[in-house]
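Everything on this sheet refers to the single structure shown next.
Next up, the structure:
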């Protein structure tokens, strides 16, 4: 249930600033926000929904149109949001279907949708971004099998991008910034809810950036069970010395190939516990765009 009690400990100026900064961050993604979204992703201040709505109602510098709020002069992105929501509705059935297939792969423990689709902000050429958690010591074997699902989807015209794969030993994110906090709090778990909540607990630093973003995101889809009896049986042959050798061989082979192929600079990381295929510098661009807006309008 949404808390609608007033938070009298905040001054309106503090809250106005937090609301503006939240809208400014989303503006970098051409994403106008509703009051409920601004409340959930309010930067740096715990507040109630009623507090946020009060600011949006009384602050004429934040234009509102059909329940969306933008920076001044940016009403045009409301049309973009509606177009992207239509595209997201087309992608979600595919995202859920292939997540179910990936979740059945041996040693997969969680599958979550991230990126633009998690916010229903999918551009016409958007793909389906996944964050996947595997059992420790079998990440690279999992990745090889996941790529098989990626190729299957591509034959059906669906582009999957499992660009962040972690082992259960690497659920704590070293990069503690607004971008990473948003990605964590926005991601939509489709299987492995127990692992999802463990990840959220291990990254409670996100509360410093997004104190209202506890719980599942509004886009939440009922997650599938994380593990099946068939999956358990399929894992048995790989819980051997041969399985360990295959994991090391695939890891060494693929890390060499990826590190050679990826031009610098990039945000990619390849280790025994993570395969972070972030090649396009999205984090750096998002933070730079946000900082430029903050400096320009400070």
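In the numbering used here, the protein residues as written are 947 to 1244. The beta-carbon is built from N, C-alpha and C at its ideal position, and this holds for glycine as well. All of these numbers come straight from a predicted model, not from anything done at the bench.
Nearest neighbour of residue 1233 by Cα position, chosen from 974, 963, 969 and 959, turns out to be 974. When 1215, 1001 and 987 are compared, the shortest CA-CA separation from residue 960 is found for 1001. Look at the beta carbons and you see the segment 1100–1107 not touching the segment 1193–1207: under three pairs across the two are nearer than 8 Å. For residue 1058, the secondary structure class from DSSP, reduced to helix, strand or coil, is strand.
DSSP places residue 1080 in the uninterrupted beta strand (DSSP E) bounded by 1074–1080. Just measuring C-alpha positions, the residue of 1034, 1052, 1078 and 1039 sitting nearest residue 1069 is 1034.
The three-state reading of DSSP puts residue 1000 in helix, counting H, G and I together. Counting of Cβ neighbours within 10 angstroms places residue 1188 among the exposed residues, the total staying below 16.
With respect to residue 1045, residue 1076 sits close: the two C-beta atoms are nearer than 8 Å.
DSSP, reduced to helix, strand and coil, places residue 1174 outside both helices and strands of the structure shown, so it counts as coil. Look at residue 1123 here: in three-state DSSP terms it is coil, with no helix or strand label.
Note on geometry: alpha-carbon atoms of residue 1129 and residue 1145 lie some 12 Å from one another. Distances from the CA of residue 1065 to each of 1186, 1167, 1215 and 1179 were compared; the closest alpha carbon is that of 1167. Here residue 966 is buried: its Cβ has 16 or more other Cβ atoms, across all protein chains shown, within 10 Å. Within the segment 1085–1154, the runs of beta strand (DSSP E) that reach at least 3 residues and sit entirely inside it are, in chain order, 1106–1113 and 1134–1137. When rounded, the separation of the alpha-carbon atoms in residue 1207 and residue 963 is 43 Å. Within the model, the alpha-carbon separation for residue 1095 versus residue 1164 is close to 27 Å. Nearest C-alpha to residue 1037 among 972, 1053 and 1071: 1071. With a 10 Å radius around the Cβ and a threshold of 16 neighbouring Cβ atoms, residue 1156 comes out buried.
The Cβ atoms of residue 1133 and residue 1218 lie no closer than 8 Å to each other. Here DSSP, grouped into helix, strand and coil, assigns residue 1215 to strand. Taking a C-beta distance under 8 Å as the contact criterion, residue 1220 and residue 1112 qualify as a contact pair. Residue 1003 and residue 1013 have their alpha carbons spaced roughly 11 Å apart.
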